[in-house]
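Using our numbering, the first residue of the sequence shown is number 64, and each one after it goes up by one.
Contents: one structure, followed by commentary.
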Amino acid sequence: FFFLMIRRPPRSTQSRSSAASDVYKRQVSTQSTWGKSRFYVKSLNMVRINVLADCLRTIVNAERRGKRQVLIRPSSKVVIRFLRVMQKHGYIGEFEIIDDHRAGKIVVELNGRINKCGVISPRFDIKIAQFEKWQDNILPSKQFGFLVLTTTYGIMDHAEAKQLSLIHI
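Okay, structure coming up:
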């Protein structure tokens with residue numbers, strides 16, 4: 064099998080739907096049949112690597128465009144718990160989980176309070192002594208923003224983790 068992969072379309076293409084961008088959607092392979100070589104194009108299904116990162120990127124892009132609602136798909140337990148933490152702190156409004164008997168969808172009401180939101184990937188195991196250093200590097204100030212942690216007690220923000228004595232700072 065032969066796989067053709069191009070990292071980005073050439074800079075000369077101005078249109079979003081160009082032949083260069085179609086390379087991402089196709090897989091070219093050769094198959095030999097009775098001594099003859101035959102080329103065919105097969106569609107390639109893209110796999111989501113990080114559903115939470117895609118969700119947060121969708122929310123930030125919708126906030127920047129001034130949208131009032133955003134549709135997030137696919138849904139997962141981690142995404143729902145993360146959205147509950149964001150809702151608790153007032154960064155988003157209500158959200159509705161739509162069960163479409165597939166991967167699920169979530170409709171989120173936006174209030175325009177998100178400046179920047181993202182995932183630190185890969186997930187790091189942070190020791191208690193290193194947490195303040197991470198907090199200083201990531202957050203713009205001590206009174207502004209939240210770090211959302213995945214712990215053995217669930218998904219929570221850094222202030223809640225301090226209250227539960229998970230982190231002694």
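Cβ atoms here follow ideal geometry from the backbone N, Cα and C, with glycine treated the same way.
What you are looking at is a predicted structure, and each value in this text was computed from that prediction instead of being measured.
Under the three-state DSSP convention, the category Phe207 falls into: Secondary structure of Phe207 (DSSP, three-state): strand.
Status (buried if at least 16 other CB within 10 Å, exposed otherwise) for Ser138: Classification of Ser138: buried, given that the 10 Å Cβ count is 16 or more.
Beta carbon of Val133 nearer than 8 Å to that of Ile143: Going by C-beta atoms, Val133 is not nearer than 8 Å to Ile143.
Three-state class that DSSP yields for Asp117 in the structure shown: Three-state result, Asp117: helix.
Minimum C-alpha distance to Val170 - residue among Met219, Asp162 and Arg176: With distances taken between Cα atoms, Val170 lies closest to Asp162.
Cβ distance (whole Å) where Val114 is taken to contact Met219 below 8 Å: The Cβ separation is near 19 Å, so there is no contact.
Simplified DSSP state of Met149, which is helix, strand or coil: DSSP places Met149 in helix when its eight states are reduced to three.
Among Asn174, His152 and Gln193, nearest to Lys130 - alpha-carbon criterion: Lys130 has its Cα closest to that of Asn174, out of Asn174, His152 and Gln193.
Among Thr214, Lys151, Asn178 and Val182, the one whose alpha carbon lies nearest that of Arg128: Relative to Arg128, the option among Thr214, Lys151, Asn178 and Val182 whose CA is nearest is Asn178.
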